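Peer 1: Questions regarding the structure given below will be posed in turn.
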Amino acid sequence: MPPLFPTRYIAFALCVVGLFASLATVLLWPWMWRGWIGLVVFAALTGTGIHDLRQARHAILRNYPVIGHLRFLLEYIRPEMRQYFIESDSEAAPFSRAQRSLVYQRAKGEPDNRPFGTQLNVTIAGYEWINHSMQPTKLANHDFRITIGADCAQPYSASVFNISAMSFGSLSANAILALNQGAKMGGFAHDTGEGSISRHHRVHGGDLIWEIGSGYFGCRNEDGTFSEERFAKSASDPQVKMIEIKLSQGAKPGHGGVLPGPKVTAEIAAARGVPIGVDCISPASHSA
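If you're matching positions, the sequence shown starts at 2 in this note's numbering and goes up one per residue.
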């Protein structure tokens with residue numbers, strides 16, 4: 002025989018009892034401020050419980066009024082609880098806490114070394130390492146650079162480590178400045194991304210890979226078509242070492258892309274050759 006009062010309603014029932022108890026306290030002793038606080042709190046909880054019983058969107062709240070909200074609260078704070086109390090320093094993807102801490106420490110110029118070996122399980126299957134050589138072999142080439150365009154008039158000796166494409170606008174001015182300065186100091190190339198070459202790419206003079214997408218930013222006419230004159234002008238820049246053709250939108254293949262007008266600032270418009278404050282369209286395919 003089912004119970005007359007389901008246990009799942011106990012929390013809601015306690016809120017109702019607390020409401021009447023607080024109301025009685027206020028009526029009998031109106032000068033007691035604690036009674037007024039209890040009245041407000043239990044009235045809010047009782048109202049929440051009534052709403053939970055009447056709504057039909059969440060089965061959990063309908064079956065467990067008031068107390069059911071605890072489930073959604075725990076679900077909301079789950080990432081933080083896991084990160085701070087459960088997850089180890091070597092877990093998480095794509096980067097563990099130990100890896101993130103290493104980046105933070107080096108960025109701040111703080112010591113990043115830890116004594117007494119490693120906390121990683123070096124005996125687990127799949128762990129990779131490099132053995133120390135007692136008699137190392139001298140390498141003829143220490144930078145592992147690759148010559149691209151050897152049969153061209155201006156070949157480029159490219160590093161195997163370069164900065165991948167991300168446009169100005171997706172990255173801030175300070176980020177572009179920092180990346181290009183790093184490319185200059187490290188002797189490697191900085192890919193501009195589809196957003197073309199901004200003035201921030203030119204400050205430190207790091208090698209550039211100019212990416213050209215379907216929007217032809219930096220080498221386009223007013224109607225969005227390809228401009229040979231503007232292309233020749235930017236391509237002849239000594240800082241531009243290579244040109245990369247982006248065949249399609251990687252994240253949205255076959256659909257193109259849109260940068261909303263409110264995000265098209267004066268600096269972004271100048272770099273891309275588009276009007277300020279107007280939607281910037283990257284077509285789904287090339288027209289040239």
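Positions of the beta carbon are idealized from the N, C-alpha and C atoms, including for glycine.
The structure presented is a predicted model; accordingly, all values stated were derived computationally and were not measured.
#1: Determine the burial state of Pro-276: buried for a count of at least 16 other Cβ atoms within 10 Å of its Cβ, exposed for fewer.
#2: Just the C-alpha distance for Glu-268 and Ser-160, rounded to the nearest angstrom, thanks.
#3: Please classify Tyr-10: does DSSP put it in a helix, a strand, or coil?
#4: Quick check on Gly-258: does DSSP put it in helix, strand or coil?
#5: Please classify Asp-224: is it buried, with 16 or more other beta-carbons within 10 angstroms of its beta-carbon, or exposed?
#6: Which class does Val-241 belong to by DSSP, given the choice of helix, strand or coil?
#7: Using only CA atoms, which one of Arg-79, Ala-289, Asn-122 lies nearest to Ser-215?
#8: In the DSSP assignment, the beta strand (DSSP E) including Glu-129 goes from what residue to what residue?
#9: Short of 6 Å in beta carbon distance, which residues of its chain neighbour Asn-147, apart from the five on each side in sequence? Order them along the chain.
#10: What residues in its chain sit with their C-beta under 7 Å from that of Val-241, if we drop five residues either side in the sequence?
#11: Check this for me: beta carbons of His-191 and Asn-175, under 8 Å apart or not?
#12: Below 8 Å on the Cβ atoms is my contact criterion, and I expect Asp-53 with Val-67 to pass it. Report the Cβ-Cβ distance as a whole number of Å.
#13: Evaluate His-202 with the Cβ neighbour count: other Cβ atoms within 10 Å of its Cβ, from every protein chain shown; 16 or more gives buried, anything less gives exposed.
#14: Once the 5 residues before and after Gly-207 are set aside, which same chain residues still bring their CB inside 6 Å of it?
#15: So, at 6 Å on beta carbons, what are the nonlocal neighbours of Gly-19 in its own chain, with the 5 sequence-adjacent residues on each side left out?
#16: Between the alpha carbons of Glu-88 and Leu-71, how many angstroms are there, rounded?
#17: Between Gly-50, Ser-237, Phe-218, Ser-173, which has its C-alpha nearest Ala-154's C-alpha?
#18: How big is the Cα-Cα spacing for Gly-150 and Glu-245?
#19: Output yes or no for whether 8 Å exceeds the beta carbon distance between Gly-69 and Ile-61.
#20: Classify Cys-153 as helix, strand or coil using the three-state DSSP reduction.
#21: Which of the three DSSP states is assigned to Leu-172 in this structure?
#22: Quick check on Tyr-217: buried or exposed, where buried means 16 or more other Cβ atoms within 10 Å of its Cβ?
#23: Are the Cβ atoms of Phe-189 and Phe-169 separated by less than 8 Å?
Peer 2: Based on what the coordinates show:
#1: Pro-276 comes out exposed.
#2: 30 Å
#3: helix
#4: Note: Gly-258 maps to strand in three-state DSSP.
#5: Per the 10 Å Cβ criterion, exposed.
#6: strand
#7: Ala-289
#8: Element bounds for Glu-129: n/a, residue is neither H nor E.
#9: Contrary to the premise, residue 147 reads as Ile rather than Asn in this sequence. Ala-159, listed in sequence order.
#10: Around Val-241: Leu-209, Trp-211, Ser-235.
#11: Their beta carbons are not under 8 Å apart, which means His-191 does not touch Asn-175 by this criterion.
#12: Confirmed, Cβ separation roughly 7 Å.
#13: buried
#14: Asn-181, Ala-184, Lys-185, His-191
#15: Phe-43
#16: Here the C-alpha atom of Glu-88 lies approximately 22 Å from the C-alpha atom of Leu-71.
#17: Ser-237
#18: 13 Å
#19: yes
#20: In the structure shown, Cys-153 sits in coil (DSSP, three-state: anything other than H, G, I, E or B).
#21: strand
#22: buried
#23: no
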